[in-house]
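Novice: Under the working numbering, the first residue of the sequence shown carries the number 158, and numbering increases by one thereafter.
The beta-carbon is built from N, C-alpha and C at its ideal position, and this holds for glycine as well.
These numbers were taken from a predicted model, which means no experiment stands behind them.
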Amino acid sequence: MRFPSLPIPFAASINPYAERAERHCRWFVRHFGLVTTDEAERHFDESLLGILVSRACPRADRETVELLADWMGCNLVLDDLFDETDIGEEPPRLRAFCDRVLDWLREDGSAAPDDSPFARAYTDIWTRTCARASPTWRRRFREHFGQFLSRCVWEANNRRSGVIPGVDEYLRMRACAFMPYIDLLELVGHREIPEHLYRTAIVSELNQTLSDCVLWTNDLFSCEKEYTLGDVHNLVIVLAEEKRISLQQAADIVGDMIRDRIDRFADISTAIAGSWALEHTDMPTRDILIGHVDNMRSWLSGQMQWRFETKRNTSVNLSLVEGKASRNY
């Protein structure tokens, strides 16, 4: 497939602890038993998730970049589990598992009585996160993570029923998936956004615009793999289905959509870091907000660089089982 050009108007850089973050991320998932076969380890390593976080968070200190890399590792192993194994087609079983995941993320930071590999891994990263975050932030993150998990169950119901969602429904349900990462970005430089600013219309639009840029770009780069897997939960695929056009034609349209959102994000981030911050914040809060906007810009540019390095979306590790493609774990 020919990928549309997606120029990013922000400079890209990489965290000086990138190699360490990549090594730590690989160690973390092995230590907690999240990847248990040679094939799963190879797929995880080729994803370069520590490099992704290091490009997305070039100014994070060592402990923070390792923590965010561990979050990324846990979440994407979980996402693959939901998308590429039988649990992703069994909504009641998946809902029960998602409820367990939320129980591991307790607002008071206490550990859940669960000794499974995922429970131990999430308890570890949640404990490290709670040490850096206020109760308000924890509550918001948990709410966003719960919305992401509910979307996973929605996808499972669609798979079970053979439903291909329309574009509008897909975009509405997809919109929540990146919000936990925007929350985690506030840990970089200890830039927690005050709740009264977080809930303003302009900051909400900033968050949603970055989310759209990242999620739609991910769909663009992963559409061939997901098409091979038979997973319809991808903007390119649902657009092609709804408009009765080819994947390439749909990809070109999605490219136009992403470019529009990149331009909008650039405009909003400039406004917030400029006149809006001067009018609505005091100096300490302004510094927090401007730094956070810089971190959001870095995520946008960094994730784009990573997409040309990772092998996460290649289909070489897929095989046909009973006429259906699945990952070789």
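Please say whether I425 and E362 have beta carbons closer to each other than 7 Å?
Specialist: Cβ distance < 7 Å, so E362 and I425 count as in contact.
Novice: Determine the DSSP secondary structure at P292, reduced to helix, strand or coil.
Specialist: Note: P292 maps to helix in three-state DSSP.
Novice: To the nearest angstrom, how far is it from the Cα of A226 to the Cα of V345?
Specialist: 12 Å
Novice: Within 10 Å of its beta-carbon, does T280 have 16 or more other beta-carbons around it, so buried, or fewer, so exposed?
Specialist: buried
Novice: Could you give the DSSP three-state label for A175: helix, strand or coil?
Specialist: helix
Novice: Taking one C-beta from the stretch 318-334 and one from the stretch 288-297 each time, how about it: are there three or more such pairs within less than 8 Å?
Specialist: no
Novice: Measure the beta-carbon distance from L342 to H449 and round it to whole angstroms, keeping in mind my assumption that it falls under 8 Å.
Specialist: 7 Å
Novice: Take D237 as the anchor and find which of E223, S204, S211 has the nearest alpha-carbon.
Specialist: S204
Novice: Specify the secondary structure class of P248 as computed by DSSP and reduced to three states.
Specialist: helix
Novice: Compare the beta carbon distance of L224 and R285 with 7 Å and say whether it is the shorter of the two.
Specialist: Contact annotation: L224 and R285 have beta-carbon atoms nearer than 7 Å.
Novice: Determine, using beta-carbon pairs with one atom in the stretch 239-251 and one in the stretch 309-316, whether at least three such pairs fall under 8 Å.
Specialist: yes
Novice: Tell me the DSSP secondary structure of A488 in three-state form.
Specialist: Any property of residue 488 remains undetermined from this structure, which presents the chain solely from 158 to 486.
Novice: Hey, how far is the Cα of S291 from the Cα of C214?
Specialist: 21 Å
Novice: Identify, in the order they occur along the chain, each residue of the same chain with its Cβ nearer than 7 Å to the Cβ of F254, setting aside the five sequence neighbours on each side.
Specialist: I244
Novice: Helix, strand or coil, according to DSSP, for K468 in the structure here?
Specialist: coil
Novice: Note the first and the last residue of the continuous alpha helix (DSSP H) segment covering S368.
Specialist: 358-386
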